[in-house]
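Each residue of the sequence shown is one higher than the one before, counting from 15 in this note's numbering.
Idealized CB from N, CA, C, for every residue including glycine.
Keep in mind the model is a prediction, meaning the values are calculated, not measured.
Scroll down for the structure; my scribbles are underneath it.
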Amino acid sequence: MLGAISTSALADAGELHIYNWTDYTSDEMIKKFEAETGIKVTIDTYDSNETALAKLSSGAAGYDVMIISNDFVPIFVKQKLFQEVDAGAMPNFKNVDAKWQHRPWDPDAKYTVPWVWGTTSYSVDTAIYKGPTDSLKPLFDPPAELKGKVGMFGSPTEVMSLALVYLGKDQCNSNPADLKELNALLEAQKPFVKVYNSDGIVERQVAGETVMHEQWSGKALATRQQKSTVKYVYPKEGVVGWMDNVAVPTSAPNVENAKKFLNFLMDPENIALQQKYTGYQSAIAGSNKFLAADIGGSPEFNPPADLKISFAPSCDEKAIRAYDRIWTNLRQ
15 MLGAISTSAL
25 ADAGELHIYN
35 WTDYTSDEMI
45 KKFEAETGIK
55 VTIDTYDSNE
65 TALAKLSSGA
75 AGYDVMIISN
85 DFVPIFVKQK
95 LFQEVDAGAM
105 PNFKNVDAKW
115 QHRPWDPDAK
125 YTVPWVWGTT
135 SYSVDTAIYK
145 GPTDSLKPLF
155 DPPAELKGKV
165 GMFGSPTEVM
175 SLALVYLGKD
185 QCNSNPADLK
195 ELNALLEAQK
205 PFVKVYNSDG
215 IVERQVAGET
225 VMHEQWSGKA
235 LATRQQKSTV
245 KYVYPKEGVV
255 GWMDNVAVPT
265 SAPNVENAKK
275 FLNFLMDPEN
285 IALQQKYTGY
295 QSAIAGSNKF
305 LAADIGGSPE
315 FNPPADLKIS
325 FAPSCDEKAI
335 RAYDRIWTNL
345 RQ
């Protein structure tokens with residue numbers, strides 16, 4: 015019990031340094047963790063998986079916990095940037111929904127625990143754009159009225175994953191003909207794109223700086239809560255599914271505190287605070303009962319039962335190099 019812990023014990027409980035996506039950590043959840051453990055939490059942020067990988071690969075140290083997307087987990091593991099924590103043996107692992115206990119990117123739960131999961135599609139202000147919203151076509155082949163009013167993520171893998179869904183092509187694609195088609199699609203879309211940036215999406219759409227934006231489901235909910243005419247689209251081609259995962263870097267200075275945090279996150283009431291903040295689904299059974307109806311019952315939180323969701327795998331070096339070439343040329 016917290017009440018039985020002395021003030022000095024709390025002061026000596028140490029620190030936890032978290033590296034996470036921008037605006038993606040529930041302050042309420044962190045305060046609960048600090049109150050229960052006496053551990054002081056600090057947070058640094060990044061804007062893409064690629065940025066996080068580059069930083070850790072360059073030797074950056076001092077982070078105890080980081081959150082990373084499913085397709086990048088094998089890359090971090092292969093480069094020995096994550097350490098084994100045997101998450102599957104933690105007391106609260108029993109709360110992980112059975113379908114998520116053996117995730118393809120970490121089948122034995124050696125390295126990670128689930129954070130939250132969601133989908134990637136796009137959101138559009140229906141008060142301005144009156145065209146059809148049943149397809150990815152308006153995003154990748156926009157009408158003239160949307161020139162300079164489309165926003166895309168700043169992460170090459172996320173842009174290309176959704177573009178490949180639209181084209182009906184395989185993920186992690188290194189087929190020359192498919193890559194040529196992918197490149198042509200993105201180059202043709204470029205004049206319509208106001209910004210390639212994964213930060214500030216909600217603010218841009220609410221302010222009317224963009225009418226249409228590649229978007230995560232939870233951020234689309236946050237946008238609609240501020241601007242009721244914004245709609246998150248479930249296109250007929252399908253969407254990209256993703257799950258972010260919590261891992262402990264090899265260089266973590268506070269490993270035991272990191273493990274306490276991972277176990278804390280697998281408590282339904284605790285992860286529900288993160289869901290409340292972000293509007294995303296959880297892999298922890300029973301967490302949804304702690305959510306208000308405006309989140310748990312929202313369309314963004316509840317994709318159609320027949321929706322095709324493609325979880326992008328970790329790509330091989332050949333595909334990654336091809337994507338990098340396309341992205342470099344696109345951003346020039």
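Checklist entry - Using DSSP with H/G/I as helix, E/B as strand and the rest coil, what is T126? => result strand
Item to check | Cα-Cα separation between I142 and V225, rounded to whole angstroms | outcome: Rounded to the nearest whole angstrom, the CA to CA distance from I142 to V225 is 7 Å.
Next on the checklist: Give me the DSSP bridge partner(s) of H227.
Outcome noted: S137, G165
Checklist entry - Measuring CB to CB, does V138 end up less than 8 Å from L276? => result no
Item to check | Pick from F47, D58, T140, V110 that is closest to T126, judged by C-alpha positions | outcome: V110
Checklist entry - Who are the Cβ neighbours of D330 in its own chain at under 7 Å, not counting the five residues just before and after it? => result C186
Checklist entry - From M257 to K161, what distance separates their C-alpha atoms? => result The alpha-carbon atoms of M257 and K161 are separated by roughly 32 Å.
Checklist entry - So, helix, strand or coil for R339, using DSSP? => result In this structure, R339 counts as helix in the three-state DSSP scheme.
Checklist entry - Given F206, which residues of its chain have a CB within under 8 Å of its CB, disregarding the five upstream and five downstream residues? => result P156, L160, K161, G162, K163, V164
Next on the checklist: In whole angstroms, give me the CA-to-CA distance for V216 and A234.
Outcome noted: C-alpha separation (whole angstroms): 7 Å.
Checklist entry - With 16 other CB atoms within 10 Å as the buried threshold, where does N316 fall? => result exposed
Item to check | Range covered by the beta strand (DSSP E) that runs through F325 | outcome: 323 to 325
Next on the checklist: For a cutoff of 8 Å on Cβ pairs, would you count G311 as touching chain B?
Outcome noted: This model lacks chain B altogether; it includes just one protein chain.
Item to check | Integer Cβ distance of S328 from P88, believed to fall under 8 Å | outcome: 4 Å
Checklist entry - Count the other CB atoms within 10 Å of the CB of M15; is the residue buried (16 or more) or exposed (fewer)? => result In this prediction, M15 has a pLDDT of 33, which is less than 50 and means its spatial position is unreliable; what the coordinates show is noted afterwards. Exposed, by the Cβ-count rule.
Checklist entry - How long is the line joining the alpha carbons of A236 and G293, rounded to whole angstroms? => result 8 Å
Item to check | K208, DSSP secondary structure in three states | outcome: strand
Next on the checklist: Closest to I340 by C-alpha separation, out of P121, L193, W35, K108, would be which residue?
Outcome noted: L193
Item to check | K290, enclosing alpha helix (DSSP H) - first and last residue | outcome: 282 to 292
Checklist entry - Between A333 and N34, what straight-line distance do the alpha-carbon atoms span, to the nearest angstrom? => result 26 Å
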